[in-house]
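Student: Residue numbers (the working numbering): 16 to 851.
We treat Cβ as the ideally placed atom computed from N, Cα and C, and that holds for glycine.
Computed from a predicted structure; not experimentally measured.
(1) Taking 8 Å as the threshold, find out whether the region 608-626 comes into contact with the region 590-598 through three or more Cβ pairs.
(2) Below 8 Å, can you find three or more Cβ-Cβ pairs linking the region 814-824 to the region 751-763?
(3) With distances taken from CA atoms, which of 465, 432 and 585 is nearest residue 7?
(4) Buried or exposed for residue 560, going by 16 or more other Cβ atoms inside 10 Å?
(5) Inspect the beta-carbon positions of residue 403 and residue 361 and report whether they are closer than 7 Å.
(6) Contact check, residue 401 vs residue 631 under 8 Å by CB: the rounded distance?
(7) Take residue 599 and list the residues in its own chain whose beta-carbon comes closer than 6 Å to its own, dropping the five residues that flank it on each side.
(8) Could you name the residues of the same chain whose beta carbon sits closer than 8 Å to that of residue 785, not counting the 5 residues immediately before and after it, in chain order?
(9) In this structure, how does DSSP classify residue 846 when only helix, strand and coil are distinguished?
(10) Beta-carbon within less than 7 Å of residue 642's beta-carbon, same chain only, minus the 5 sequence neighbours each way: which residues are those?
(11) Do you know offhand how far residue 702's Cα is from residue 145's?
(12) Would residue 496 and residue 324 be called neighbours here (beta carbons separated by less than 7 Å)?
(13) Hey, quick one: how far does the beta strand (DSSP E) through residue 393 stretch, first residue to last?
(14) In this structure, does DSSP put residue 439 in helix, strand or coil?
(15) Looking at the unbroken alpha helix (DSSP H) that takes in residue 759, where does it start and where does it end?
(16) Once DSSP output is grouped into helix, strand and coil, what is the label at residue 119?
(17) Quick one: measure Cβ to Cβ for residue 499 and residue 625, integer angstroms, because I've assumed they're closer than 8 Å.
(18) Can you look up residue 148 in the DSSP assignment and give me helix, strand or coil?
(19) So, are the CB atoms of residue 890 and residue 335 less than 7 Å apart?
(20) If we require 4 or more residues per run, which alpha helix (DSSP H) segments fall completely within the region 696-737?
(21) Mind the definition here: the region 448-461 touches the region 470-490 only if three or more C-beta pairs lie below 8 Å; say whether that holds.
(22) By how many angstroms is the C-alpha of residue 452 removed from the C-alpha of residue 525?
(23) Look at the alpha carbon of residue 26 and the alpha carbon of residue 290, and state the distance between them as a whole number of angstroms.
(24) Would you kindly report the start and end of the unbroken beta strand (DSSP E) that includes residue 408?
(25) Going by beta-carbon coordinates alone, are residue 762 and residue 651 separated by less than 7 Å?
(26) Measuring CA to CA, which of 574, 532 and 775 is closest to residue 546?
(27) Just grab the DSSP bridge partners of residue 419 for me.
(28) Would you call the region 187-200 and the region 153-168 in contact, with 3 or more CB pairs under 8 Å?
(29) For residue 339 and chain C, any beta-carbon pair shorter than 7 Å?
(30) Could you pull the start and end residues of the alpha helix (DSSP H) that residue 669 belongs to?
(31) Quick one, are the C-beta atoms of residue 792 and residue 693 less than 7 Å apart?
(32) Using the Cα positions of residue 839 and residue 735, report the straight-line distance between them to the nearest angstrom.
(33) Are residue 536 and residue 523 closer than 7 Å when you measure CB to CB?
(34) By the DSSP assignment, the beta strand (DSSP E) with residue 389 in it spans what residues?
(35) Helix, strand or coil for residue 157 per DSSP?
(36) Excluding the five sequence neighbours on either side, which residues of its own chain have a C-beta within less than 6 Å of the C-beta of residue 596, listed in chain order?
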């Protein structure tokens, strides 16, 4: 038996190109909706765009062509910004889709290599193994313990066993490997596969609104209703004072525009999509947008031991022969001893083409300790897949002369149950197991059976096994795992280990990495006997769960969720699928993870590095905090716009209509980039990962935060109205008064942007944050504002007037004072926290 490719050469490079030219790429092509047209349709339905269209039409009808053209241009600009933001979001998601494209193994030029699934061609030798999704139709040429779940095609949930010589020797695109390994020659790709002909697209992902999306959508709907009510009232008031239908309609539309917070949904979509894109650049693929929202709330992370805590680089370290009662190091010479026979049997108990790290280590140990290689002389005639609790597996090989090998390996507990052992042998075994697991070794028992004839028992447990001893593997902890765990602990995130390994080995590794709670553990069997109430108490107190199987893992996740924990879980195997799906954040490993695990997960770590999960939580918290800043900014700045339009009109002040639609649209065009560009680009605050996770049930708009935003908005309103009265008291004309109020509002907008970069740290701290877009956006805002005031044609169009130095200084100062008070609020908050 040749390692890896089983003597199969596969296609050469020229053969691949020829096949692709004839049969095409391995892609399912179906009619898709035009995303650009969909985006345009969505924009046309936006309340703000509808208002702009109506107002522009009214201006044209009333003969104010210049204002009509400006608003029509504003529609194009608003649509352009929306399309740009939509394009950014879609491009980020497309890149994510490409990045998370399934990969598959093929044999080409005699070498096993991993390729993207769309690069697969007819004639390729496709290698599929447990947990992978089959990416093309094919004919099996070699199989070991191979079964496939074909429910996507047949609806039958039970796995179907297949081999190369039976009638059922075909594999189909879209099905998943339930067990074993097979090599198949690809017969159809893309739309020519059975799945492609049925017309089912595996790419379709149902859009589901998240709790935060629903909250934001409801808030915007309420503001739209409020806008309609106020619009009707203001139209009536204006018409009562001056029965000019179109003029009063324009004034009412002005107020309606000022009420709509259309920046909020845009900000939400932008933050989530760009957050996912930023994570992708770090090697974290987010499959569902809701994951970005949930990440910052993660309160528990459940991690596997092998490959997550440890390197997943199994090496055979020690062997224990029951015959000699001695534990031997495999680096010692074992030729001709019972230890050599133990290694040989352990190899025969493994898959002929090993894909599990432990089985690879056994094949390597056999090759290095045996001069003559027996593997080419034997063929597998029967096998029993890994099964039972605790699990074990058995393989039966035979050579041409009829000599037979029946070898089994698995959890020591499995063989202690079925083998006839003396008290002395049991004591020897337990002593050896305790000694090896206490040092962190992963231990498997090895046994042999004899049987003539082909009447194999129904289950492997029915064989009369003779226990030969133990093989012990060492998988060292990852170098960075201590720091990763400490980062989770500092962030207030509890860590649980859920593993199929035994308690002693897991506890030994846990102690080596300073894991909190290494002294207490519970096994899968014990856990399944607990009532729901007992289980919920246990999952909070216990941090190590051993000898776990799928049902037990799922029960742990559901029990943690019942305790209102936001659960993240790492997984890589077929058996992890249900638990990954059930967790709030399912995390699959990109390298060693099976396709089933990646399919069930909502997030993929491409490098199998748990430290990336710390980064993902940090990004999740940063996005949430920055989105909150953006929305609080939008609320705060909308209040003065609404009230500055409404109060002079309602109270009958000397200049009742201080702002027109052109002023509102200009302010809206400043606010959009500020909230979506500046705040999205803000770095994470230094205390973010030292705080406890926020409860996911907490509403986005809690009253205390909303009160701060409303108070900020009311004080800015006070400043704009004070500026109004100050200008009128000093004999200013309507254009000068309007300009001073407009300048005060622009000043307050700029200072609010800077002050609200943190609701804790001072302006002097946040000014040092690395965000080049702050100066850029503010600089552009100041330049355009100055142009509107001091360039005559623009000033005339906007009904503004140049300000003298004292007037400009007063307007800017009033805007500053209306916002800068919040620094005292933050100073008091910091002092109170330091006092604790």
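Tutor: This is what the structure gives:
(1) With the cut-off at 8 Å, the region 608-626 and the region 590-598 touch.
(2) Touching, yes, given that three or more Cβ pairs across the two stretches are closer than 8 Å.
(3) Beyond the ends of the chain as shown, which are 16 and 851, falls residue 7; an answer cannot be given.
(4) Here the question's residue 560 lines up with position 545 in the chain shown. The residue in question, residue 560, is buried, as its Cβ has 16 or more Cβ neighbours within 10 Å.
(5) In the chain shown, residue 403 corresponds to position 388, counting from 1. In the chain shown, residue 361 corresponds to position 346, counting from 1. Taking 7 Å as the cut-off, the Cβ atoms of residue 403 and residue 361 do not count as close.
(6) Counting from 1 along the chain shown, the entry for residue 401 is found at position 386. Counting from 1 along the chain shown, the entry for residue 631 is found at position 616. Taking the Cβ atoms as the reference, residue 401 lies roughly 32 Å from residue 631, outside the contact range of under 8 Å.
(7) As a position in the chain shown, residue 599 is number 584, starting the count at 1. Within the same chain, residue 599 has close Cβ partners 309, 581 and 582.
(8) Mapped onto the chain shown, residue 785 falls at position 770. For residue 785, where only same-chain residues beyond five positions count, the Cβ hits under 8 Å are 698.
(9) If you number the chain shown from 1, residue 846 lands on position 831. Of the three classes helix, strand and coil, the one that applies to residue 846 here is helix, per DSSP.
(10) Residue numbering aside, residue 642 sits at position 627 when the chain shown is read from its first letter. 282, 283 and 286, listed in sequence order.
(11) One-based indexing of the chain shown puts residue 702 at position 687. One-based indexing of the chain shown puts residue 145 at position 130. Distance between the alpha carbons of residue 702 and residue 145: 43 Å.
(12) Residue 496 sits at position 481 when you count from the first residue of the chain shown. Residue 324 sits at position 309 when you count from the first residue of the chain shown. Against a cut-off of 7 Å, the Cβ pair of residue 324 and residue 496 comes out as a contact.
(13) By one-based count along the chain shown, residue 393 stands at place 378. Secondary structure note for residue 393: its beta strand (DSSP E) is the uninterrupted segment 393-402.
(14) The count along the chain shown starts at 1 and reaches residue 439 at position 424. In the displayed model, residue 439 falls within a helix according to three-state DSSP.
(15) Taking the chain shown and counting its residues from 1, the one referred to as residue 759 is at position 744. Per DSSP, the unbroken alpha helix (DSSP H) holding residue 759 starts and ends at 749-770.
(16) In the chain shown, residue 119 corresponds to position 104, counting from 1. In the structure shown, residue 119 falls within a strand segment according to DSSP collapsed to helix, strand and coil.
(17) Translated into the one-based positions of the chain shown, residue 499 becomes position 484. Translated into the one-based positions of the chain shown, residue 625 becomes position 610. Taking a contact as a CB-CB distance under 8 Å, the pair residue 499 and residue 625 counts as one, their CB atoms being some 5 Å apart.
(18) Your numbering for residue 148 matches position 133 in the chain shown. Looking at residue 148 - three-state DSSP - the assignment turns out to be strand.
(19) This structure does not reach residue 890, given that the chain is present from 16 up to 851, and the question cannot be answered.
(20) Listed in chain order, nothing qualifies, since the region 696-737 has no complete alpha helix (DSSP H) run of 4 or more residues.
(21) Segments in contact, yes.
(22) If you number the chain shown from 1, residue 525 lands on position 510. If you number the chain shown from 1, residue 452 lands on position 437. Distance between the alpha carbons of residue 525 and residue 452 is about 12 Å.
(23) Locating residue 26 in the chain shown gives position 11, counting from the first residue. Locating residue 290 in the chain shown gives position 275, counting from the first residue. In a straight line, the C-alpha of residue 26 is about 41 Å away from that of residue 290.
(24) Indexing the chain shown from 1 puts residue 408 at position 393. Looking at the DSSP string, the run of the beta strand (DSSP E) that includes residue 408 is 407-414.
(25) Within the chain shown, numbered from 1, the residue matching residue 762 stands at position 747. Within the chain shown, numbered from 1, the residue matching residue 651 stands at position 636. A distance of 7 Å or more separates the beta carbons of residue 762 and residue 651.
(26) Here the question's residue 546 lines up with position 531 in the chain shown. Nearest C-alpha to residue 546 among 574, 532 and 775: 574.
(27) Here residue 419 corresponds to residue number 404 of the chain shown, with the count starting at 1. Partner(s): 413.
(28) Enough Cβ pairs lie closer than 8 Å, so yes.
(29) Going by chain labels, chain C is absent from the structure shown, which holds only one protein chain.
(30) Counted from its first residue, the chain shown places residue 669 at position 654. From DSSP, residue 669 is part of no alpha helix (DSSP H); its letter is neither H nor E.
(31) For the purposes of this step, residue 792 is taken as residue 777 along the chain shown, with counting starting at 1. For the purposes of this step, residue 693 is taken as residue 678 along the chain shown, with counting starting at 1. Cβ atoms of residue 792 and residue 693: closer than 7 Å.
(32) Walking along the chain shown from the start, residue 839 turns up at place 824. Walking along the chain shown from the start, residue 735 turns up at place 720. Computed Cα separation, rounded: 21 Å.
(33) One-based indexing of the chain shown puts residue 536 at position 521. One-based indexing of the chain shown puts residue 523 at position 508. Going by C-beta atoms, residue 536 is not nearer than 7 Å to residue 523.
(34) In the chain shown, the residue the question calls residue 389 occupies position 374. Element bounds for residue 389: n/a, residue is neither H nor E.
(35) Locating residue 157 in the chain shown gives position 142, where the first residue counts as 1. Residue 157 falls in the strand class under three-state DSSP.
(36) Position 581 of the chain shown, counted from the start, is the residue given in the question as residue 596. Closer than 6 Å at Cβ, skipping near neighbours: 615.
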